[in-house]
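Residue numbers (our numbering): 287 to 767.
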Amino acid sequence: MAHLKLALQLQESGFEFQTGERLHVYLTNTLDQLHQQTAAMLGQWIAKENEGAEKIKIDKPVVVVVGNPPYSGESRNKSDWIMQLLQSYKTEPEGGPLKERNSKWLNDDYVKFIRFAHDRIARTGHGIVAFITNHGWLDNPTFRGMRARLMADFDDIYVLDLHGNSKKKERTPVALKAQGDDKNVFDIEQGVSITFLVKLPNSVPVEPVEAGEEVFELTAPEPGVVKKAKHRQLEGGKVTLKARIHQADLWGSRDYKYDWLEKHSLLDTPWQDLQPALPQLLLVPRDETDAAEYERGWKVTDIFPMNGTGVITKCDQLNISFSAKECFEKVSWLLTATESDARQRFRLPKLGVRDWSFGAAVSDVKNSGPDEIFVKPVLYRPFDQRYLYYTGRSKGLMGWPVQKLFRHFSESPNIGLITSRLTKGEPFAHAQITDKITEVICMSPQTSNNGFVFPLWLLPEQPQPDQPLSAQRHPRADAGD
Ligand SMILES: C[S@@+](CC[C@H](N)C(=O)[O-])C[C@H]1O[C@@H](n2cnc3c(N)ncnc32)[C@H](O)[C@@H]1O
287 MAHLKLALQL QESGFEFQTG ERLHVYLTNT LDQLHQQTAA MLGQWIAKEN
337 EGAEKIKIDK PVVVVVGNPP YSGESRNKSD WIMQLLQSYK TEPEGGPLKE
387 RNSKWLNDDY VKFIRFAHDR IARTGHGIVA FITNHGWLDN PTFRGMRARL
437 MADFDDIYVL DLHGNSKKKE RTPVALKAQG DDKNVFDIEQ GVSITFLVKL
487 PNSVPVEPVE AGEEVFELTA PEPGVVKKAK HRQLEGGKVT LKARIHQADL
537 WGSRDYKYDW LEKHSLLDTP WQDLQPALPQ LLLVPRDETD AAEYERGWKV
587 TDIFPMNGTG VITKCDQLNI SFSAKECFEK VSWLLTATES DARQRFRLPK
637 LGVRDWSFGA AVSDVKNSGP DEIFVKPVLY RPFDQRYLYY TGRSKGLMGW
687 PVQKLFRHFS ESPNIGLITS RLTKGEPFAH AQITDKITEV ICMSPQTSNN
737 GFVFPLWLLP EQPQPDQPLS AQRHPRADAG D
């Protein structure tokens, strides 16, 4: 189709193809490398297409990568080649592996496409990447290593944040209200941004990460551009982040955004220069004046090393009940019900979904008795106590009971802090106390912001059977001190 459309367009403009000449447009999976076996199995035409594409991907000095890559949190592109490349984004800005329990959002297809383009331009030595993608990578804490690697390899980074993030309930700032309520430029929930990554010819080479180095430098190596180098004592390596960051926001209705984009280019966009600060290197404007003072504070994760998100049931209608009686009735009923009965009574997860199946749910209940001692109160929403049947088994009656964390609540009285890692466009009001198991979005039904729970008391891994549990608990016992 692309060949046909482009050929027609070229014909209209007077271009004539020489005999045997073809347009260098190829059908390929960008995120995979050619496998001989697969190629042999495909039709000859597709195999040829792949070969042509592969030559370009590997050998040709590509200087421009343009795209509107797909977004897919549950990416199916997991070839060794792209996963290996992606490793460099799963790092701390100063080097070393990313200290995050969950880095799965970095596996999104759009991140892989950025990584692919990044690698392609880095191998050529200069060039431009121009992408429109999910804007999550600009400020998601888990993406700090990716931001650092891009800032280390490119000379200029232009980010036009098109917003429209309905998950974060983004709103047009009051001063720009005339531009209309903030809407997405596509029919999607994730906010969007346009990014240009520019690598100049003969640009200053990146200093390699050296393990054991203690000084962190954030420098702009170009003479004439005076940005003060920031030095920080950090564990890890030494990285020079050289990119100048140019950022702009576009707020308003979809029509306003389309019209604005039609009329503007890189040259007349009102860019503001950002000086992203460690440790997050955010590519969104933020007042960083007091960042150093903020960083001197104690991290809540250091105070309470045992922490995690609330439980994810995968099917609230079945798992969450208004009373203990209703809760026990549901699980007892499940033992004699067929899957189709259960699907009629509850909205259960789709067939084949990860981490939940009817059979596993029934076995979990059966293996536990059922017994009323497993019926526990749960903090479902702010000040909204419900009940659930808590066996602690993952991928059973519920998907993620986070047993490692909530055994400290289900086996003995406890109290814990709940807070969030970020706010989704709301002013910060995200601190609660719980004395029970909590559900993952117990803090904010409006934005579904994940609540992290920090128990005050911890039980030993192997409690002594001859002593009451309440006598064995210690504040943060398992963490050393
Ligand atoms: C968001 S759409 C953009 C479509 C079109 N480029 C545009 O801008 O309107 C993403 C496109 O990427 C294609 N795509 C998805 N995964 C791909 C992969 N691994 N390799 C190459 N293309 C892929 C999809 O088929 C889809 O056409």
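Note that beta-carbon positions come from the ideal geometry of N, C-alpha and C, so glycine has one too. Since we're looking at a predicted model, the values are computed, not measured.
Each residue's CA atom was taken as its position, placing residue 761 and residue 353 some 52 Å apart.
Between ligand 1 and the CB of residue 691, the shortest heavy atom gap is not smaller than 8 Å. Runs of the beta strand (DSSP E) lying entirely within the stretch 392-436 and spanning at least 3 residues, in chain order: 413-420. The Cβ atoms of residue 610 and residue 658 lie closer than 9 Å to each other.
Restricting attention to 342, 620, 391, 733, the CA atom closest to the CA of residue 645 is found in 620. In this structure, residue 708 sits away from residue 717, with a CB-CB distance that is not shorter than 9 Å. Under the DSSP assignment, residue 485 falls in the beta strand (DSSP E) whose first and last residues are 478-485. Scanning the stretch 625-702 for uninterrupted beta strand (DSSP E) segments of 3 residues or longer gives 661-667, 670-675, listed from N- to C-terminal end.
Set against 8 Å, the gap from the CB of residue 735 to the closest heavy atom of ligand 1 is not smaller. The DSSP assignment places complete alpha helix (DSSP H) segments of no fewer than 4 residues inside the stretch 336-388 at 366-372, in order along the chain. In this structure, ligand 1 has no non-hydrogen atom nearer than 8 Å to the beta-carbon of residue 481. Around the beta-carbon of residue 532, 16 or more other beta-carbon atoms lie within 10 Å, marking it buried. Shown in chain order are the residues whose CB sits closer than 5 Å to a heavy atom of ligand 1: 315, 316, 317, 354, 356.
By the CB criterion at 9 Å, residue 396 and residue 452 fall outside the cutoff.
By the CB criterion at 9 Å, residue 383 and residue 567 fall outside the cutoff. Between the alpha carbons of residue 586 and residue 463 lies a gap of roughly 37 Å. DSSP, read as helix, strand or coil, puts residue 532 in strand. Beta-bridge analysis with DSSP links residue 743 to 761. Comparing C-alpha distances from residue 366 to each of 399, 430, 318 shows the shortest one belongs to 318. Here residue 612 is exposed, its C-beta having fewer than 16 other C-beta atoms within 10 Å.
Under the Cβ criterion (8 Å, minimum of three pairs), the stretch 482-489 does not count as touching the stretch 734-744. In the DSSP annotation of this structure, residue 554 is not part of any alpha helix (DSSP H), being labelled neither H nor E. Under the 8 Å Cβ criterion, the stretch 458-477 does not count as touching the stretch 426-433, having fewer than three qualifying pairs. With a 10 Å radius around the Cβ and a threshold of 16 neighbouring Cβ atoms, residue 604 comes out buried.
Your pair residue 699 and residue 756 checks out as a contact, with CB atoms roughly 7 Å apart and the cut at 8 Å. Of the residues assessed, residue 289 falls on the exposed side of the cut-off, its CB having fewer than 16 other CB atoms within 10 angstroms.
Membership of residue 442 in the beta strand (DSSP E) is indicated by the continuous run 442-449. Residue 419 sits away from residue 374, with the two beta carbons spaced by 9 Å or more.
When only Cα atoms are considered, residue 673 and residue 594 end up about 20 Å apart.
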